[in-house]
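Numbering (the working numbering), first residue to last: 446 to 736.
The beta-carbon is built from N, C-alpha and C at its ideal position, and this holds for glycine as well.
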DNA sequence: TTGCAGGGGTCAA
DNA sequence: TTGACCCCTGCA
């Protein structure tokens with residue numbers, strides 16, 4: 446890593462395969478917001494950061510070299526060679542186009558608890574409302590902290606959410622998902638779902654554990670594994686992925702399960718990365734009606 | 001202005 | 001396998 450100190454952050458020089466707009470707009474996270482100058486500001490792991498692409502470099506504003514190495518480098522998956530992944534995926538002609546479109550995507554390694562809650566909220570929901578709900582949960586129940594003179598809020602802990610009344614959670618705009626969040630928090634606090642002890646299990650086994658949590662079906666489980674556990678073989682199938690897979694590969698109406706199996710056969714251990722390129726490509730190029 | 005369909009799925013029947 | 005589900009948004 447070619448790091449350089451700046452006044453208030455670090456500069457990653459010649460950062461290949463890193464485009465903030467692609468990373469933060471490909472559906473994997475909800476707490477990063479675009480600024481008027483094209484940079485993104487977000488909170489993760491109790492820290493706030495501003496990320497800005499400057500030529501071929503990336504500025505990480507609001508951190509230092511030590512914290513960057515200890516936390517953000519892992520968060521942004523900087524240890525992985527996306528050039529090699531893209532080369533592998535691009536042997537498929539459809540993927541070649543999708544990769545060209547979202548060339549700067551990286552899979553974030555987010556906090557499992559935050560990712561679980563966020564994607565329970567995401568079910569049958571739209572992005573603006575998901576972001577609004579998560580922000581309200583954080584503002585009301587997350588730890589408050591300041592950085593660079595600005596106020597930020599961390600994500601509420603499992604215990605905090607477990608102790609809240611159903612009404613308090615609902616008041617954040619969760620709708621009927623409030624009861625899922627409440628139960629999920631109780632299960633995590635009680636140790637019935639241990640998000641930190643899943644690393645020894647196969648992806649299929651982790652999937653089963655996660656799906657034992659209320660509000661977590663196949664899609665949400667796959668999202669949690671892909672976006673917080675570096676399970677790159679997990680392939681979440683939502684309406685956009687269904688659309689793009691049927692249009693370019695399957696050529697017919699196909700069940701969600703079959704789409705996932707097809708993708709995992711086709712892309713193998715990189716299925717999840719392929720999913721992100723395809724999702725971003727579909728969102729950017731396919732209309733509401735598909736094709 | 002009001003009404004209605006539809007949204008990055010999951011659950012229960 | 002199918003309909004209900006919170007609530008916000010876009011559109012007629």
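If contacts are defined as beta-carbon pairs under 8 Å, then residue i and residue j qualify, I think. What distance do you get, rounded to the angstrom?
i	j	result
residue 739	residue 458	With the chain running from 446 to 736 in the structure shown, residue 739 is simply not present.
residue 671	residue 681	6 Å
residue 566	residue 629	Between residue 629 and residue 566 the Cβ distance is about 11 Å, and since that is not below 8 Å, they are no contact.
residue 618	residue 574	7 Å
residue 517	residue 633	Between residue 633 and residue 517 the Cβ distance is about 25 Å, and since that is not below 8 Å, they are no contact.
residue 491	residue 599	5 Å
Quick check: what's the CA-CA separation for residue i versus residue j?
i	j	result
residue 736	residue 528	The predicted model places residue 736 with a pLDDT of 34, which falls under 50 and marks its position as unreliable; any figure quoted below should be read in that light. About 29 Å.
residue 731	residue 683	14 Å
residue 739	residue 624	Nothing about residue 739 can be read from this structure; the chain reaches only from 446 to 736.
residue 607	residue 536	47 Å
residue 716	residue 532	14 Å
residue 723	residue 710	16 Å
residue 471	residue 720	10 Å
residue 501	residue 549	11 Å
residue 512	residue 521	13 Å
residue 734	residue 456	Only weak support exists for where residue 734 lies, its pLDDT of 39 falling under 50; the value from the coordinates is given anyway. Approximately 42 Å between the Cα atoms of the pair.
residue 473	residue 552	8 Å
residue 480	residue 585	23 Å
residue 469	residue 524	18 Å
residue 588	residue 539	44 Å
residue 519	residue 556	11 Å
Report the three-state DSSP secondary structure of residue i (helix, strand or coil).
i	result
residue 640	coil
residue 595	strand
residue 548	coil
residue 624	helix
residue 523	coil
residue 455	strand
residue 498	strand
residue 608	helix
residue 470	coil
residue 492	strand
residue 513	helix
residue 666	helix
residue 560	helix
residue 464	coil
residue 672	helix
residue 680	coil
residue 554	coil
residue 505	strand
residue 730	helix
residue 475	coil
residue 648	helix
Just checking residue i against the ligand PLP - is the residue's beta carbon closer than 7 Å to any of the ligand's heavy atoms?
i	result
residue 668	Among the components modelled here there is no ligand, and therefore nothing to report on the ligand PLP.
Query raised in the report: What are the start and end residues of each continuous alpha helix (DSSP H) run of 4 or more residues lying completely inside the region 687-715, in chain order?
Result: Entirely contained in the region 687-715, the alpha helix (DSSP H) runs reaching 4 residues are, in chain order, 701-712.
Query raised in the report: How about the region 651-663 and the region 576-596: do they share at least three Cβ pairs that are nearer than 8 Å?
Result: no
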